[in-house]
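**Q** In UniProt numbering, the protein residues as written are 1 to 263. Okay, here's the structure, questions in a sec.
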Ligand code: ADP
Ligand code: MG
């Protein structure tokens, strides 16, 4: 059974999670996550494999439903709509509309293999948002310039390096003009020499004021651009604070142990 409270929807915050629980059958994966992401904030989420980081991002992006607690994104409750003081489960098209405002970049660059770089970027704004082709093309070219890949506009994904593909994936997400960008270990599948070019694009995006939640083991990125760092383990937030607090002076032994292993 799901219990929700509409008070999670408040302005000034892009994401508000209050005591969020998520179970798959009898496996409780998130055991009461409480955290806020302010508009314009860059949050990095750290934690060992299996701690629930991806599940939490998937909840924010409406790819899972919560088991209990409250979650709002961009001032709206995830999964529910309020009308006449009652909560109704969202319908498919309402969920789609909310998801269209959130960009997500995964570990694997799942670009459409049969489309060129430019077609990949133009697909959703035309297909989902029904925006005019000329306008979308112009924006796509600007985005390609921003990620340093204008000369690859007519290339197919298979001819690109992993780092280039991931930069296209970021441009593709940005083409939807999202209010929030989620990154789930965007550099984990890359050869080490390709990690830097993707992080540079993400840093540029962070500086532009985009609200971002980034799951990553790149401590350097977290230290340089994150406003806040959250360390999760076993479905709970163990420690949260500034990069200085969590990465340089972690208080909890579990955080200390993790940081010493990934540095
Ligand atoms: P992380 O991203 O931190 O590595 P995940 O959120 O992917 O962790 O997974 C947390 C736990 O939830 C893992 O034990 C994983 O096996 C489990 N899990 C994730 N998704 C599902 C699912 N759809 N069904 C069952 N178990 C799942
Ligand atoms: Mg994960």
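Where is the CB? At the ideal position from N, CA and C, for every residue including glycine.
(1) With H, G and I counted as helix, E and B as strand and the rest as coil, what does DSSP make of residue 103?
(2) Can we count residue 53 as close to ligand 1, meaning its CB is less than 7 Å from some heavy atom?
(3) Quick one: give me the first and last residue of the beta strand (DSSP E) that residue 152 is part of.
(4) What is the DSSP secondary structure of residue 7, counted as helix, strand or coil?
(5) Does the beta carbon of residue 50 fall short of 7 Å from some heavy atom of ligand 1?
(6) With a threshold of 16 other CB atoms inside 10 Å of the CB of residue 184, please say whether the residue is buried or exposed.
(7) Can you tell me the Cα-Cα spacing of residue 154 and residue 146, whole angstroms?
(8) Pull up the distance between the alpha-carbon of residue 265 and that of residue 169, whole angstroms please.
(9) Name the DSSP bridge partner or partners of residue 22?
(10) If you drop the 5 nearest sequence neighbours on each side, which residues of the same chain put their C-beta closer than 6 Å to that of residue 39?
(11) Return the residue from the list 143, 121, 178 and 93 that minimises the CA-CA distance to residue 101.
(12) Could you pull out every residue in the same chain whose Cβ sits closer than 7 Å to the Cβ of residue 106, ignoring the five residues on either side in sequence?
(13) Run the CB neighbour count on residue 88, radius 10 Å, all protein chains shown included, and call it buried at 16 or more, exposed below.
(14) Cβ-heavy atom distance between residue 183 and ligand 1 below 7 Å?
(15) If you measure between the beta carbons of residue 163 and residue 189, is that distance less than 8 Å?
(16) Going by beta carbon distance, what residues of the same chain come within less than 8 Å of residue 19, once the five residues before and after it are set aside?
(17) Would you list the residues sitting across from residue 230 in a DSSP beta bridge?
**A** The answer reads as follows:
(1) Three-state result, residue 103: strand.
(2) yes
(3) Taken as a continuous stretch (DSSP letters only), residue 152 belongs to no beta strand (DSSP E), as it is neither H nor E.
(4) With a pLDDT of only 46 at residue 7, under 50, the local geometry of the prediction cannot be trusted, and the value read off the model is given with reservation. Reduced to three states, the DSSP call for residue 7 is helix.
(5) yes
(6) buried
(7) 16 Å
(8) Beyond the ends of the chain as shown, which are 1 and 263, falls residue 265; an answer cannot be given.
(9) 30
(10) 14 and 211
(11) 178
(12) 184
(13) Exposed, by the Cβ-count rule.
(14) For ligand 1, not one heavy atom lies less than 7 Å from the Cβ of residue 183.
(15) no
(16) 32, 33, 34, 68, 69 and 70
(17) 45 and 240
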